[in-house]
Structures are given as structure tokens and as C-alpha cells.
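Reviewing the structure listed below.
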Amino acid sequence: MPEHLPEHPDWLWRTPEPKRSYDVVIVGGGGHGLATAYYLARNHGITNVAVLERGWLAGGNMARNTTIIRSNYLCEESAALYEHALKLWEGLPEELDYDFLFSQRGVLNLAHTLQDVREGNRRVNANRLGGVDAEWLDPDQVRKFCPIVNTSPDVRYPVLGATLQPRAGIAKHDHVAWALARKADAYGVDLIQGCEVTGFLRDGDRVVGVRTGRGPISAGTVALAAAGHTSVLAELAGLRLPIQSHPLQALVSELLEPVHPTVVMSNHVHVYVSQAHKGELVMGAGVDAYNGYGQRGSFHMIEHQMAAALELFPIFARAHVLRTWGGIVDVTPDASAIIGATPVENLYLNCGWGTGGFKATPASGWVYAHCIATGTPHPLAKPFTLERFTTGALIDEHGAAAVAH
């Protein structure tokens, strides 16, 4: 392993040297890349696979998100995919033999205006029709479910109600990555850290491998799963993608006694807050408006989300911020993912998840592995192909979801 990378225990996974050829090369060693490798082996028996990561495994967005897991999206295509993910999450700790602290504590989406109320009820009804658990709570029920939320009518944006998905919750993100990596390694998948992809090997119009900082590697299929850097990689293959990359910031507080029993999200004042298992408050908000690839953002975004958090939770006024960080999210015009083949033969895409990547991890790997193994889109992923941007069959979660996180 290159000297600049952190060590990991040998019982987690091997540290192999890259072979010169694989059936499948996955570019990106985050949650989606690891889940894809795991399901290629588990579901399809394809084990001659390499996951290439330029840094260390799960050092990108997988370690930089706020760990929220839910499936209560409005569009039926999105809800079906995320519900598949949630069902996988529910069995994954036992399947992977790893307790990654999956906690189904429920997610509240607060409503502060009459339009929020109408939108919330619409989404609850749509979710129920699609088989997704969803409830509408009035302000008194919100107060009972989360007593520390400020439900006073005498605030700037009073809480008029909330949607609730009881099965939603959080998980420990780095533990999820380690669990997937360990199982993929046990199947014989090579997890290769410190191996940056710098270009593609071509045979005419076909991609037949990758160029890396550790030499060329041939591959029957190259599958991109590099989140905010996917557009940069695709451009090396002559492919321009309809995605933009933005910083997305989050923060945690000092350790506190357990005070926050659920996950609370508000699009109107724009903040979402949970309490991690160790006790720190975990907070996030919206993306920085500018495009960029830096893992940090603008101070005013942190200032805004802190103000929003204190409006909803006055009890947190004396809490201290411990640290802030940023990830790089890849956002499509309709705020939905791109999964499947590209116009370049043997090159596949899994990108455009925006702020919803972590919660999709197992389903993303499941459907992406199916596409790579069979050459055809999984039924759940069929609406998410690249072609929708030419046909106009968009999945408009920008306009539909009360909050995109």
C-alpha cells in the first residue's frame, strides 16, 4: 500500500497489488463502489473484480455524509428504488455479519406553511399508494414524537405538522463501508487503494481498461462510481455528463447526553438534525451554490444552518460545534441518479445521486451490479438511464421532494 494511506487491520481486508487484467474494474471505493463489488460476487458470481480508489476506501462522500436513511420520496420511480434500499438495509447487518448501528428511529419532515402541509399530505398519500410507510402528524403529535422541537405558534415559521416515516433512521457510515469491503474481499474482490485512474485504454470506440498511477489495467467492463468526480473521469473518455458538482457541508457538536430521539428535517428553514450514537449532534443543510471539487464550503452556509437549528431547537443554544466538513455531491438537472450503460461501449455509470447517495447504497450496488452482469438495466433502474435527458422522461425530485437529503 502507498505510504501516505492509513493502515487497516489485516482481518478487515487484504491489500493486494493490482493484477494486469480483470473482468470488471470499478472506479471509486466508496459505498456504491463497494456495494456493487459485493453484489457482483454475491448475486452474479462475478469475483474477478477490482475496486480502484485513488485515496483510501470510503474516504470521500461515504465518510462525509450525515447518515440519514429514508425512502419517502414523492416520485414513484425514486420511492421504489429507495424503498428497495431500505428493505436491504433492514437485513444487511445480519447478512454482512457486522453491527453498523442501523437505528430505525424515524424521520420527521416538518411543515411550516400551508403549501408545506399540502405537499406533505400529498407525499404521505403517494407513499402509501406505493407501499412505503408514511404518516401525517399534527403539531401536538410532532411534540410527542420529538419533545425538544419548538412547536410554539409564536415563532417566525411555526410547525404546522410533519410527515413521518417510522422505518427510516441512521447508520454508522464508515462501519457500513468496512462491512461491505470485508465481505467483498472474502469473495476474492481486489480492493486497491492509492490507485488513481488517469485515463482509459481504448480499442477503437470501446473502453478495454484504465490507465492508473500504478500502471495500465485491462478490463472487460469499466464501471464508474466516483460521485462528484464522475464527470471528470467521463470526460477522459470523451463523454460529457449532465451533472454539476457542488460542496455539501455538515457539522457535529461536542458529545451530549441523549436528548434527540429521531431525525428532524426542515426544508423551509433548511436544516436537518439527528444525534449520533456517541452523542454528538449531526447537522446538515443545502449545497453551496457554486460548482467546485473542494471538500469544504462557504462559512455563510454553516451560519445559516446553525441559525435554522436554533430556531427549531432552542435547547441547543449552548452546544459547541466540534468540527465541520464538506463532501462533493454530483447533481443532475432533475436531482435523480444516472445508472447504466453509456454511449461508450463497456463503460458504465453510477452517478448523479446528489445529496441522497448514502441512503441508496445497497440498492445502488444491487441494480448497478445487475446492469454490469447482464448488460441490461434492472427494472428499478430502468427509469434512471442516461437517455432520459434526450427523451425528456425526467424524474423531477428537485420539484417534487420536500427536501432532497
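The opening position of the sequence shown corresponds to residue 3 in this note's numbering, with each subsequent residue numbered one higher. Where is the CB? At the ideal position from N, CA and C, for every residue including glycine. The structure displayed is predicted, hence computed values, not measured ones.
Inter-residue spacing [alpha-carbon to alpha-carbon] between Ala406 and Ile194: Because the pLDDT of Ala406 is 46, which lies under 50, any placement of that residue in the model is unreliable, and the question is left without a value.
Buried/exposed call for Phe102, threshold 16 Cβ in 10 Å: With 16 or more Cβ atoms within 10 Å of its Cβ, Phe102 is classed as buried.
Using a Cβ-Cβ cut-off of 8 Å (strictly less than) and excluding sequence neighbours within five positions of His322, which residues of its own chain qualify? Around His322: Ser255, Glu256.
Beta-carbon gap between Ala87 and Ala365 smaller than 8 Å: Taking 8 Å as the cut-off, the beta carbon of Ala87 is found closer than this to the beta carbon of Ala365.
Outcome for Pro385 when other beta-carbon atoms lying within 10 angstroms are tallied against a minimum of 16: Label assigned to Pro385: buried.
Keeping to the same chain, check which residues put their C-beta closer than 6 Å to that of Leu112; ignore five residues upstream and five downstream. Spatial neighbours of Leu112 in its own chain (CB-CB distance under 6 Å, excluding positions within 5 residues in sequence) are listed in chain order as Val161, Ala164, Ser268.
Report the rounded CA-to-CA distance for Leu54 versus Gly394, giving the unit in angstroms. Taking the straight line from one Cα to the other gives about 34 Å.
Just to confirm the assignment, what range does the beta strand (DSSP E) spanning Leu253 have? Element bounds for Leu253: 246–257.
Would the region 219–239 count as touching the region 28–43 if we require 3 or more Cβ pairs under 8 Å? Judged by Cβ distances under 8 Å, the region 219–239 makes contact with the region 28–43, as three or more pairs qualify.
Name the one or two DSSP bridge partners that Phe301 has. Partner(s): none; Phe301 has no beta bridge.
Going by DSSP, which residues form a beta bridge with Leu42? Its beta-bridge partners do not exist; DSSP assigns none.
Ala403 to Asp140 span [Cα, whole Å]: The pLDDT assigned to Ala403 is 48, lower than 50, so where the model puts this residue is not dependable; a value taken from the coordinates is nonetheless given after this. If you take the alpha carbons of Ala403 and Asp140, they lie about 20 Å apart.
Who are the near neighbours of Phe391 in its chain, counting only those whose CB is closer than 6 Å to its CB and skipping five residues on each side? So the qualifying residues of the chain are Pro244.
Considering Cα atoms alone, identify which of Pro149, His175, Asn293, Gly222 is closest to Leu59. Taking each of Pro149, His175, Asn293, Gly222 in turn and checking the Cα distance to Leu59, the smallest one comes out for His175.
Does the region 88–108 come into contact with the region 307–320, if we say contact requires no fewer than three beta-carbon pairs (one atom in each stretch) closer than 8 Å? Counting C-beta pairs with one atom in each stretch, the region 88–108 and the region 307–320 have fewer than three that are closer than 8 Å, which means they do not touch.
Using DSSP bridges, identify the partner residues of Arg208. Arg208 pairs with Asp205, Glu347.
Delimiting residues of the beta strand (DSSP E) encompassing Val284: In the DSSP annotation of this structure, the continuous segment of the beta strand (DSSP E) that includes Val284 starts and ends at 282–289.
I'd like to know whether the C-beta atoms of Phe202 and Val224 end up nearer to each other than 8 Å. Against a cut-off of 8 Å, the Cβ pair of Val224 and Phe202 comes out as a contact.
Can you give, in chain order, each stretch of the alpha helix (DSSP H) that sits fully within the region 320–373 and has at least 4 residues? Taking only runs of at least 4 residues, no alpha helix (DSSP H) segment lies wholly in the region 320–373.
Which of helix, strand or coil does DSSP assign to Gln167? Gln167: strand per DSSP, three-state reduction.
Helix, strand or coil for Gly32? Go by DSSP, reduced to three states. It is coil, neither helix nor strand.
Using 10 angstroms around the beta-carbon of Glu282, count the other beta-carbons present and answer buried if the total reaches 16, otherwise exposed. Buried, since its Cβ has 16 or more Cβ neighbours within 10 Å.
Between which two residues does the alpha helix (DSSP H) harbouring Val119 extend? Here the alpha helix (DSSP H) through Val119 covers 116–131.
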